[in-house]
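Data first, discussion second: the structure below is written as structure tokens.
2 protein chains.
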Amino acid sequence: MSVKELKRELLRIAKIKSAISLLQWDLATYIPPNGIEWRAEVLGELSEYVFSLLTSERLGELIYEAQEEAENEEDIALVRLTKKEYEKHKKIPRDLFIEFQKKRAIAEKLWEEARKKDDFSILQESLSNIVKIIIEIADSIGYEENRYDALLDEHEPGLKTSKLKEICYYMKENLLILLGEIEPKHLKLKRLSEICDGEFPLDKQKEFCLKLINTLGFDPSSGRLDTSAHPFTELIGLKDVRITTRYDERDFSQAMFAALHECGHALYDLGIPERLFGLPTGDGASSGFHESQARFWENFIGRSSHFLIFIKPILDEYFPQLKKIGLEELWQAFNIVKRSYIRVSSDEVTYNLHIMLRFELEEALVNGNLSVHDLPQAWGEKMEEYLGIKARDFRSGVLQDIHWASGLFGYFPSYMLGNIYAGQIYFKLKKDVGNLEEIVSKGEFNLISNWLKEKIYSFGKLYEPLELVKRISGEELSPKYLIEYLRDKFLRGES
Amino acid sequence: MSVKELKRELLRIAKIKSAISLLQWDLATYIPPNGIEWRAEVLGELSEYVFSLLTSERLGELIYEAQEEAENEEDIALVRLTKKEYEKHKKIPRDLFIEFQKKRAIAEKLWEEARKKDDFSILQESLSNIVKIIIEIADSIGYEENRYDALLDEHEPGLKTSKLKEICYYMKENLLILLGEIEPKHLKLKRLSEICDGEFPLDKQKEFCLKLINTLGFDPSSGRLDTSAHPFTELIGLKDVRITTRYDERDFSQAMFAALHECGHALYDLGIPERLFGLPTGDGASSGFHESQARFWENFIGRSSHFLIFIKPILDEYFPQLKKIGLEELWQAFNIVKRSYIRVSSDEVTYNLHIMLRFELEEALVNGNLSVHDLPQAWGEKMEEYLGIKARDFRSGVLQDIHWASGLFGYFPSYMLGNIYAGQIYFKLKKDVGNLEEIVSKGEFNLISNWLKEKIYSFGKLYEPLELVKRISGEELSPKYLIEYLRDKFLRGES
């Protein structure tokens, strides 16, 4: 009875969150520019309401009662997750939460201006305020070893900063070797715009992307594909997941890979059992696990030569100028490994280096070992250390991502962890299905989806990510599979 | 100080309402079909929250305090309107409100099914429940003369059912005479599809509609034009008003007139002073006044020959097949007066007869003088009485409008009152500007908008509609101007 009541209260909160999701989706897609200011107010109001529901005495009582009663694994996990969330929220002073919302909104605006004018000083003070609040929040939540743990746990429950640093150490060592071996061979490779003239009409690109995600199993009755400046996935409600992509008239692959990435997120959201929807158990296992699904479809599948075999005839139909381009040439155009400034457009090897750089900087900021004032210089030093290139300007450097201005500290590692989880998942999948290359080149994606559903989606957030990856692969979290995959793909010609 | 606090609380409520508006807009435009069920839950949850805020002790106290302090006209009106709203909501039992929301959702679904299958019996029981609840709500709110007053006051504050009946009496008498005189002359007139071959591409229609509403003063930075099954206007937030239209490939005028109609609503919403936004004083004066602005642009301006002079060159550019059609022929195609079944597609004369029929039936239902069981037969009798045509089926009869299934009783008169207000406004505008025909044929719509802004928009809901119409026209509410306008237009050839 009280588990049922707890669920009812949690669904009530989920409904308010659903409204917030739609408000945010609309803000990034269809809102007329003059409506943005008021929208921020609406979002602030609803966030405060959710905060008050998440810290209400009523919820506390319901958790307490349900705890006595929960018997099956799912209910026990539900109570555990809800309690953790509740206790965490209770520790954050309400005024601090409200101040955080307001300061974030200001910092995001200043970030946009700073980026446009390529002037970090515009953002500096505001970002210092954000870091100060983040530190207060982390201290309110509490931690054992490292203040950063309090933030990381939100996105990667159970993972400690110390463990993450070990992983980074391994990754750095191996990636730098890999990069040194691959890059010289890739110097002569040509990008799509260099091998293919002519434009790719936007409406054709959109049609193609829709067809592609449908083929992957994205049901248009339960979601949408729209356009936004930065591609994203928003879970709006039960059976309503919206993804976006962006289009470049000279290079269809931008839209295609973004659509594949977001489709990966969407398939995860839509694949979690309906009975868990809206409950804390009904999320993905972690941010990193969510990213793993996105990166899996985008890179492990989408950038493979077997996937190209499958989509080449479809591509030729939509974009006839591609007919004269061979499979090998196209694969190369999609897989050039090269040191560059921008994270989101970087290749599978250097992407992780971009992430580690950010992780180290944000960990230093949060622990008071780096000031926002010194951040641009530290960024420059890390760029040289990790990517061997000199910072060019703020825009393609420290100002390229909105995360910090948004107060999103502790998220960046999820992108790298996503790649690492995907590596482990990929090897297990290959082993289990036997003929992955054939499956992909024939476009039999439901065989892959079903496997992912069984091994990952069906569990929602019942297990912590470190436990889930063990259940899937039979091994502890390990970056060696990702390194192995990259070595196979870029040095042994297997992909 | 306490007026300020009252305003802050009211804006808080406005923010939640803003989220509801977006959820509803999305439900009618972009939601994927499988997401509809959950959306209904989200809307129910937020409606309950708004209800609880509107009936909170805190709001009661704030009103009480603000009442002591309000000095200027705006603040006094604010307290008056808020108090009225508060007291009304306080009288409705919370459980009744929640039941109403649920029953409405059910009835709306059954209405859709009943309409599709052309079977009134599918809806009958559910609609009876709605009527029962509506009666309970009206009795909770209270009234002096007629139970219908309690419902009418929501949409047309200050207007009594007895007065409305007088107006209908006058309207019926005059419209039936008019119809008898006009219809025989219109028998030979041809519709657009009869004089013009070929299709009107949807993208061209959309471009044209956008250009048209921009010309009328609709700022695309503060709103959008989208597509939906039934055109509507939704005020999403400050400087964010969204309108929709629908497209018929064989007849562009469907989309054009719907866009003009909704644009009229939008211009009203956007024209109300920003300082009133989100407050009860920041609405339109009444539903009828809102409709007056929609019908004014759609019919008084949009269906006039002078407007055609202005848009014909633009139309020819977008739709070359129209070049060979003369102005007179086009005007006729847009203005055929003919008895028909469907309200939304009826002409300016018979439209009001459709409304009176509905008003009489809903007034009888609400007062227990008619049962839902007998509604279809009563509908048929009224159709013969008012329009002289026999009911054909349910779909084009009693099942054509969603209003009753949605629990929207007391709204229908707003459409007719809108025409009547528009008539009075039109004559005063003509007098004030002197050369309306020339202004319209030259497309100098800002002269009209500025007048409307000064006389109507700028007052928001400060005055009740019967007072506002007197302030604008110098006369009491009177249907004679509408009749005069129709006579001028259809019998004296002035339009």
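Chains as they are written, first to last, in the working numbering: chain A, 1105 to 1599; chain B, 1105 to 1599. We put the beta carbon where it would ideally sit given N, CA and C, even for glycine. Keep in mind that this is a model prediction, so the values were computed, not measured.
Problem set entry | Three-state secondary structure assigned by DSSP to B:Thr1159 | In the displayed model, B:Thr1159 falls within coil according to three-state DSSP, outside both helix and strand.
Exercise. Is B:Pro1288 buried or exposed, if buried means 16 or more other CB atoms sit within 10 Å of its CB?
Worked result: Classification of B:Pro1288: exposed, given that the 10 Å Cβ count is below 16.
Problem set entry | At least three beta-carbon pairs within less than 8 Å, the segment 1414-1429 of chain A to the segment 1310-1325 of chain A | Inter-segment contact for the segment 1414-1429 of chain A and the segment 1310-1325 of chain A is present: three or more beta-carbon pairs are separated by less than 8 Å.
Problem set entry | Alpha-carbon spacing of A:Asp1253 relative to A:Met1487, whole angstroms | 25 Å
Exercise. What residue from B:Ala1170, B:Gly1246, B:Asp1387 has the CA that sits closest to B:Lys1192's CA?
Worked result: B:Gly1246
Exercise. With DSSP run on the structure shown, which of helix, strand or coil describes B:Asp1344?
Worked result: strand
For this session: Identify which residue in A:Arg1407, A:Lys1276, A:Asp1344 has its Cα closest to the Cα of B:Ile1135.
Result: A:Asp1344
Exercise. Is the number of C-beta pairs between the segment 1355-1367 of chain B and the segment 1537-1556 of chain B that are closer than 8 Å three or more?
Worked result: no
Exercise. Using a beta-carbon distance below 7 Å, is B:Glu1149 in contact with chain A?
Worked result: yes
For this session: Starting from the beta carbon of B:Glu1145, find every residue of chain A whose beta carbon is closer than 7 Å, and list them in chain order.
Result: Lys1119
Exercise. Name the residues in the segment 1360-1375 of chain B whose C-beta lies less than 7 Å from a C-beta of chain A; which are they?
Worked result: none
Exercise. How big is the Cα-Cα spacing for B:Phe1513 and B:Lys1276?
Worked result: Computed Cα separation, rounded: 21 Å.
Problem set entry | For A:Leu1279 and A:Glu1588, the rounded distance between their alpha carbons | The straight-line gap from Cα to Cα measures roughly 11 Å.
Exercise. Given 8 Å as the limit, is there contact between the segment 1547-1566 of chain A and the segment 1391-1411 of chain A, that is, 3 or more CB pairs closer than that?
Worked result: Output reads yes: the segment 1391-1411 of chain A touches the segment 1547-1566 of chain A.
For this session: Put A:Glu1338 into one of helix, strand or coil per three-state DSSP.
Result: strand
Exercise. Hey, is A:Pro1136's beta-carbon within less than 7 Å of any beta-carbon in chain B?
Worked result: yes
Exercise. What is the rounded straight-line gap between the Cα of A:Arg1496 and the Cα of A:Asp1223?
Worked result: 13 Å
Exercise. Under 7 Å Cβ-Cβ, which residues of chain B neighbour A:Ser1500?
Worked result: Under the 7 Å cutoff, chain B gives no residues; its nearest Cβ is about 30 Å from A:Ser1500.
Exercise. Among B:Asp1257, B:Ser1125, B:Asp1130, which has the Cα closest to the Cα of B:Leu1185?
Worked result: Nearest of B:Asp1257, B:Ser1125, B:Asp1130 to B:Leu1185, Cα basis: B:Asp1257.
Exercise. In chain order, what residues of the segment 1378-1389 of chain B put their CB closer than 9 Å to some CB of chain A?
Worked result: Phe1381, Gly1382
For this session: Would you mind sorting B:Pro1569 into buried or exposed? The rule is 16 or more other CB atoms within 10 Å of its CB.
Result: buried
For this session: Return the chain-ordered list of same chain residues with a C-beta closer than 6 Å to the C-beta of A:Leu1469, the five sequence neighbours on each side being excluded.
Result: Val1235
For this session: Could you round the C-beta distance between A:Ala1123 and B:Ala1123 to whole angstroms and report it? I think they count as a contact, below 8 Å.
Result: 5 Å
Exercise. Assuming A:Val1453 contacts A:Ile1286 under a Cβ cut-off of 8 Å, what Cβ separation, rounded to an integer in Å, is found between them?
Worked result: 6 Å
Problem set entry | Within chain B, partners of A:Ile1202 - CB distance below 7 Å | Result: empty, since nearest Cβ-Cβ is about 13 Å, beyond 7 Å.
Problem set entry | Residues sharing a beta bridge with A:Arg1328, DSSP | A:Arg1346
Problem set entry | Residues of the segment 1321-1335 of chain A with Cβ closer than 9 Å to any Cβ of chain B, in chain order | Interface annotation for the segment 1321-1335 of chain A against chain B: Asp1323, Pro1324, Ser1325, Ser1326, Gly1327, Arg1328, Asp1330, criterion Cβ-Cβ distance under 9 Å.
Exercise. Can you round the beta-carbon distance between B:Leu1566 and B:Glu1173 to whole angstroms, since I take them to be within the 8 Å contact cut?
Worked result: Wrong, their Cβ atoms sit about 18 Å apart, outside the cutoff.
For this session: Go through the segment 1252-1337 of chain A residue by residue and report every complete run of the alpha helix (DSSP H) that reaches 4 residues or more, in order.
Result: 1265-1290, 1296-1299, 1306-1320
Exercise. At a cut of 8 Å, does the segment 1464-1482 of chain B reach the segment 1499-1515 of chain B through at least three beta carbon pairs?
Worked result: yes
For this session: Using a Cβ cut-off of 8 Å, pull out every chain A residue sitting near B:Lys1343, in sequence order please.
Result: Pro1136, Asn1138, Gly1139, Glu1141, Trp1142
For this session: With a floor of 4 residues, list each alpha helix (DSSP H) that falls wholly inside the segment 1112-1193 of chain B, ordered by position along the chain.
Result: The alpha helix (DSSP H) runs lying completely inside the segment 1112-1193 of chain B and spanning 4 residues or more are 1140-1158, 1161-1173, given in chain order.
Problem set entry | Three-state secondary structure (DSSP) of A:Ile1493 | coil
For this session: Can you give me the Cβ contacts of B:Glu1109 inside the same chain, cut-off strictly under 7 Å, excluding the 5 residues immediately before and after it?
Result: Leu1166
Exercise. Assuming A:Gly1368 contacts A:Ile1376 under a Cβ cut-off of 8 Å, what Cβ separation, rounded to an integer in Å, is found between them?
Worked result: With a beta-carbon spacing of about 14 Å, A:Gly1368 and A:Ile1376 fall beyond the 8 Å limit used to define contacts.
Problem set entry | Complete runs of the alpha helix (DSSP H) confined to the segment 1509-1559 of chain B [at least 4 residues] | 1516-1537, 1540-1546, 1549-1559
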